[in-house]
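Okay, structure first, notes after.
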Amino acid sequence: MKLPILNSFHLQKKFQISNVQYRGRFAPSPSGPLHFGSLVAALGSFLHAKSQNGLWFVRIEDIDKPREQAGSVDDILNALESFGMVWDQDLQTNNENNYRGCLVQSNRLERYQQIFDDLKQQGLLYSCYCTRKEIKEMGGIYLGHCRNKQHRFDAHAVRIKQQAAQTEFTDLLHGKVNIDEQLMNEDYIVKRSDGLFAYQLVVVIDDIDQAITNVVRGVDIMELTPRQISLFNLFGIAPPSYLHLPLIVNDDGQKLSKQNKASAINCSDPKPELLKALACLGLPVLSQSSLSALSIPDIIDWAIQNWDINKIPTQLNILL
Ligand code: GLU
Ligand code: ZN
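Using numbering that gives the first Met the number 0, read the sequence shown as starting at 0 and increasing by one per residue.
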C-alpha cells in the first residue's frame, strides 16, 4: 500500500536535502531535577554530537503538564551548564517560543494540532472509547477495536491507524534490534483523553522540525523506536539514526527516575559525578592527580577528544 505523504513537512523535506550537518538533541521532561541517569544520557548525546562537530540542542519535553514539577526546567538547564554541556541555539526553529535557546513543547500546541488535523483529514485517526481496563481484558495489546466504529472525536483518546509498521531498526550501538510485532502494529494513542498530545506523536514532529539527524537517548525508549520510524515514513521524511545508551539502575534493578525519587545530582561539586558518568559511557577515568588540575571544560574537552562508541557498554543496564 502506498502511504499518504502529508504536506505539513514541505519545508523540512527541502531542508533535509541541503542539510548534512549533525544535529543532535537531549530532550528532558521537566518532572524533576536532573538525576544521575539523565546526566549519563545527556552526556552521551552531547559527546556523540560534539565529537562529530555537531550541533546539540536541548528540547524541553513538557507536553505532559500534569507531571511537571515547578522549577525543574531551570534546574535541568542549570545542571547541564554546571557540567559543561553547552547547548546550541536552534536557529531553524528559533522563535519567541524558545526558552533559554531551547525548543519548548508546550509552546507548540498549534503546530501539533496542525499535524493532527492533517492526519485526521486523511482518515488516519479514530476516536477510541475503550478503557484501560477493557484493553487489559482484551490481552493488553490494542487490536483496533474501535477502528471502524466512527466514534465522535470528543473527550476520548485518539489513535492512529498503524499501517506498514516497522518492527526492526539498526541501532548504532546494538546493531539490528527487533521489537515485538504485535506491539508495533498497535494503533497507538496520539492524543490522550485529557486532550494532551502523546509523546509518540510530538517527539517525531519535533525531531522533523528540528531536522534532527542523530538521536542518542536511554535504552528505555528503544522499544518505541520502530514506531517512531514508521511515523517518519508516513510523513515521507528520512528518520534520524538512533543510538540507545545503557540505563543506570538502582539496587532493585529499577531505572533511576524522578518517579522512584532518584536524588538530584550535586551541581556545586560536579567533578566526581562527571567522572562517574564518563566511566558509565566507557571513557577511562582520569587519575585523581591529573584531575585536580583540570577544570570542568577541560574534562569535557578531553571527553570529546576521547569519545569512542566502541567503548560504550552494550549491556542494557548499569548498576549505580
Ligand atoms: N522526554 C523523554 C524522557 O525524558 C525523552 C524522549 C526522547 O529522547 O526521545 O524520557
Ligand atoms: Zn477502542
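Built from N, CA and C at the ideal position, the CB exists for glycine as well.
All values reported here derive from a predicted model rather than from experimental measurement.
Return yes when at least one heavy atom of the ligand ZN lies under 8 Å from the C-beta of residue i, else no.
| i | result |
| --- | --- |
| His-144 | yes |
| Arg-158 | yes |
| Cys-266 | no |
| Tyr-141 | yes |
| Leu-279 | Strictly speaking, residue 279 in this sequence is Cys, with Leu absent from that position. Because no heavy atom of the ligand ZN lies under 8 Å away, the Cβ of Cys-279 does not count as near it: no. |
| Cys-101 | no |
| Tyr-128 | yes |
Looking at the C-beta of residue i, does it have a partner C-beta in chain B at a distance below 9 Å?
| i | result |
| --- | --- |
| Pro-225 | The chain labelled as chain B is not found in the depicted structure, where only one protein chain is given. |
So, is residue i buried or exposed, given that buried needs 16 or more other C-beta atoms within 10 angstroms?
| i | result |
| --- | --- |
| Asn-309 | exposed |
| Ser-28 | buried |
| Met-84 | buried |
| Lys-135 | exposed |
| Gly-320 | Given a span of 0 to 319 for the chain in the structure shown, any question on residue 320 remains unanswerable. |
| Asn-265 | exposed |
| Asp-326 | Limits of the chain in this structure are 0 at one end and 319 at the other, which puts residue 326 out of reach. |
| Gln-121 | exposed |
| Pro-271 | exposed |
| Val-218 | buried |
| Arg-58 | buried |
| Gln-209 | buried |
| Ser-71 | buried |
| Val-189 | buried |
| Leu-142 | exposed |
| Met-363 | Nothing about residue 363 can be reported from this structure: the residues present for the chain run from 0 to 319 only. |
| Asp-153 | exposed |
| Ile-140 | exposed |
| Lys-1 | Only weak support exists for where Lys-1 lies, its pLDDT of 40 falling under 50; the value from the coordinates is given anyway. Its Cβ having fewer than 16 others within 10 Å, Lys-1 is exposed. |
| Asp-89 | buried |
| Val-19 | exposed |
| Leu-244 | buried |
| Thr-224 | buried |
| Ala-292 | exposed |
| Pro-269 | buried |
Per DSSP, which one or two residues make a beta bridge with residue i?
| i | result |
| --- | --- |
| Arg-216 | His-243 |
| Phe-168 | Val-176 |
| Asn-232 | Beta-bridge pairing links Asn-232 to no other residue. |
| Asn-316 | Leu-246 |
| Tyr-98 | Cys-101 |
| Cys-127 | Ala-156 |
| Gly-31 | Gly-31 pairs with nothing; no bridge assigned. |
| Trp-55 | Gly-23 |
| Phe-115 | Answer is none; Phe-115 lacks a bridge partner. |
| Phe-196 | Lys-190 |
| Ala-263 | His-34 |
| Lys-254 | Val-248 |
Just to check, is the beta-carbon of residue i closer than 8 Å to a non-hydrogen atom of the ligand GLU?
| i | result |
| --- | --- |
| Tyr-187 | no |
| Gly-23 | no |
| Glu-222 | no |
| Asp-208 | no |
| Arg-191 | no |
| Glu-60 | yes |
| Ala-48 | no |
| Ala-26 | yes |
| Arg-151 | no |
| Asp-219 | yes |
| Arg-226 | no |
| Ser-37 | yes |
| Lys-202 | Sequence inspection shows Val at residue 202; the Lys mentioned does not correspond to that position. It does: the Cβ of Val-202 is within 8 Å (strictly closer) of some heavy atom of the ligand GLU. |
| Tyr-111 | no |
| Val-320 | This structure leaves residue 320 out entirely; the chain is present only between 0 and 319. |
| Tyr-98 | no |
| Tyr-198 | yes |
My assumption, with CB atoms under 8 Å, is that residue i sits in contact with residue j. Please give the rounded CB distance.
| i | j | result |
| --- | --- | --- |
| His-339 | Tyr-198 | In the structure as shown, the chain begins at 0 and stops at 319. Residue 339 is therefore absent and cannot be evaluated. |
| Gln-161 | Tyr-187 | 7 Å |
| Gly-23 | Gly-53 | 5 Å |
| Ile-236 | Phe-8 | 6 Å |
| Leu-273 | Ile-303 | With 8 Å as the limit, Leu-273 and Ile-303 do not qualify as a contact, their Cβ atoms being about 13 Å apart. |
| Pro-32 | Asp-63 | In fact, because the Cβ distance is near 17 Å, the residues do not count as touching under 8 Å. |
| Asp-205 | Val-214 | Asp-205 to Val-214, Cβ: 11 Å. No contact. |
| Val-248 | Leu-319 | 7 Å |
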